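Residue numbering for the sequence shown is -8 to 294, as defined by this note's numbering.
Every residue gets a Cβ at the ideal spot worked out from N, C-alpha and C, and that includes glycine.
Just so we're clear, the structure is a prediction, and the values are computed from it rather than from any experiment.
These notes are about the structure you will find just below.
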Amino acid sequence: MFDVYDLDKKTRYVYEKIDFVDNNTLVQRINNYRGGDTFVDDYFYWKNVYNYDTPMNSRGLETDICNKYYLMTGKIQEIKIDNISYEFAKLKTEADIVNFAQKYGMLGIKFDDEGLQSVGSSYFEPFEIWKKTIQNFVRVLKLYKALAIGEKAAEKIEDNLLTLEASTHFEDRHYVQWYDGQPTGFSFENRELDTLSFIDIGRKVLIQSVENYINPGIEIRAAEVIDTEKSQMGFYITERRETKYLITAIYYDLWQQMNANVSIRICENPKCQLPFMKVKRQKYCCDACKQEAYRLRKEKREM
């Protein structure tokens, strides 16, 4: 990954050019592969993750260094990433993903030794990993929304968001899964569960879900040297938080939204019902859902 995301200034410093890769292009690149093509190397990585039968089963995004900004201006392009988590949660179609990636960059996703998502550089990302990452982000938003209602959260979490599944290998342990059966990465011994409510479990899952992308991805840099007589050295150094990974920037933005108690609402379009970060009196996650909900109400009245 070549981009840099300044988390304090909320800015993407663009070094990368993102392109959509269709099936035919992918097949051609693989057929011409003679080694040393990081794009094809990453394809084979994802092929093992998703068990692709043929290259024709995959489409996605490619990244490469883009030199045109140096040639034209001598400077890299800068793009603001304010509320990037809000935009990420609204992505629904492959076209949405392409537009988002071309503006903000590649996710920067790989898997750790336990098969859970983590951060990592990638020159090719299939749409599958984008869709799964968006789904996981939606799960986290729903959990955040449930925890925000206070004491009533336990029932909401137990019935709709998290489940406990007995381990088939360890008799005294339960695994925590999302409502759709996906792993959270958490497990507890039975004696631990005796002292934990679903609110306690939900908090642990929420915090860890965010930390999984923040902790390994953020680097602390020296931002500026300030002269001052108040320091024995005669100066002090300000810090700058930055990351190479878009997914880290997205979850860091969510972390800040959580600390600011930003409200989460469920889209009132019955065909959507995805969570989104509420702005003012907003009832829908996007204008398209607002228009679709209006059409549905109109059709219902005309019946």
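Along the chain, where does the alpha helix (DSSP H) that runs through residue i open and close?
{"i": "G193", "result": "F189 to I205"}
{"i": "A347", "result": "Since the first and last residues shown for the chain are -8 and 294, residue 347 lies out of range."}
{"i": "L245", "result": "L237 to N250"}
{"i": "Q93", "result": "E85 to Y95"}
{"i": "T29", "result": "T29 to Y41"}
{"i": "R256", "result": "Segment I255 to I257 is the beta strand (DSSP E) holding R256; no alpha helix (DSSP H) there."}
{"i": "E78", "result": "I75 to A80"}
{"i": "R272", "result": "It is not in any alpha helix (DSSP H) - R272 carries neither H nor E in the DSSP assignment."}
{"i": "E296", "result": "The structure shown does not extend to residue 296, since the chain is modelled only from -8 to 294, so the question has no answer here."}
Just to confirm my understanding: we take residue i, look at its own chain, exclude 5 residues before and 5 after, and list those with CB closer than 7 Å. What are they?
{"i": "L197", "result": "V131, L134, Y135 and L138"}
{"i": "C280", "result": "C258, N260 and C263"}
{"i": "G208", "result": "V110, T234, Y236 and T239"}
{"i": "G65", "result": "Note that G65 scores a pLDDT of 47, beneath 50, so its modelled location is shaky; the value from the coordinates is reported in the next line. Result list for G65: empty, nothing under 7 Å."}
{"i": "E119", "result": "Y41"}
For residue i, report the span of its beta strand (DSSP E) as first-last.
{"i": "Y(-4)", "result": "V(-5) to D(-3)"}
{"i": "Q108", "result": "Q108 to V110"}
{"i": "Q68", "result": "Q68 to K71"}
{"i": "T154", "result": "L153 to A157"}
{"i": "F161", "result": "Element bounds for F161: n/a, residue is neither H nor E."}
With 7 Å set as the bound, which would you pick, yes or no: does the beta-carbon of residue i sit closer than that to a beta-carbon of chain B?
{"i": "Q68", "result": "Absence of chain B from the displayed structure is noted, only one protein chain being present."}
Quick one: what's got a C-beta closer than 8 Å to residue i's C-beta in the same chain, skipping five residues either side?
{"i": "I158", "result": "It is worth fixing the name first, because residue 158 is Ser in this sequence and not Ile. Cβ neighbours of S158 beyond the five flanking positions: R164, H165, Y166 and S178."}
{"i": "N58", "result": "At N58 the pLDDT is 46, less than 50, meaning the model places this residue with poor confidence and gives no usable figure here."}
{"i": "K81", "result": "D87, L265, F267, C276 and C277"}
{"i": "V129", "result": "A80, L265 and P266"}
{"i": "Q70", "result": "A small fix is needed here, since residue 70 is Ile in this sequence, not Gln. Cβ within range, chain order: T2, R3, V5, K94 and Y95."}
{"i": "K296", "result": "Residue 296 is absent from the model: the chain starts at -8 and stops at 294."}
Can you give the beta carbon distance from residue i to residue j, rounded, assuming they're within the 8 Å contact cut?
{"i": "I9", "j": "M97", "result": "7 Å"}
{"i": "I125", "j": "S113", "result": "Not confirmed; about 16 Å, so no contact."}
{"i": "G51", "j": "V12", "result": "6 Å"}
{"i": "A144", "j": "I192", "result": "Going by Cβ atoms, the distance from A144 to I192 rounds to 11 Å, so no, they are not a contact pair."}
{"i": "E7", "j": "F30", "result": "Contact doesn't hold; Cβ gap of about 13 Å is too wide."}
{"i": "D32", "j": "R20", "result": "D32 to R20, Cβ: 11 Å. No contact."}
{"i": "Q273", "j": "S76", "result": "With 8 Å as the limit, Q273 and S76 do not qualify as a contact, their Cβ atoms being about 15 Å apart."}
{"i": "F115", "j": "Y34", "result": "5 Å"}
Using the DSSP secondary-structure output, state which residues sit across from residue i in a beta bridge.
{"i": "D10", "result": "E53"}
{"i": "Q282", "result": "According to DSSP, Q282 bridges with nothing at all."}
{"i": "Y24", "result": "DSSP, once it has assigned bridges, lists no residue as partnering Y24."}
{"i": "V5", "result": "Q68"}
{"i": "K101", "result": "S109"}
{"i": "Q168", "result": "T154 and P174"}
{"i": "F115", "result": "E53"}
{"i": "P261", "result": "Partner(s): none; P261 has no beta bridge."}
{"i": "R292", "result": "Paired residue(s): none; R292 is not in a bridge."}
{"i": "I148", "result": "Paired residues: none, contrary to the question."}
{"i": "T234", "result": "Y(-4) and I209"}
If you drop the 5 nearest sequence neighbours on each side, which residues of the same chain put their C-beta closer than 6 Å to that of residue i?
{"i": "D(-3)", "result": "E233"}
{"i": "W121", "result": "I88"}
{"i": "Y243", "result": "L(-2) and I205"}
{"i": "K269", "result": "S254 and R256"}
Counting pairs of beta carbons, one from the stretch 149 to 157 and one from the stretch 170 to 189, are three or more of them closer than 8 Å? Taking a cut-off of 8 Å on C-beta distances, the stretch 149 to 157 touches the stretch 170 to 189, as three or more cross pairs fall below it.
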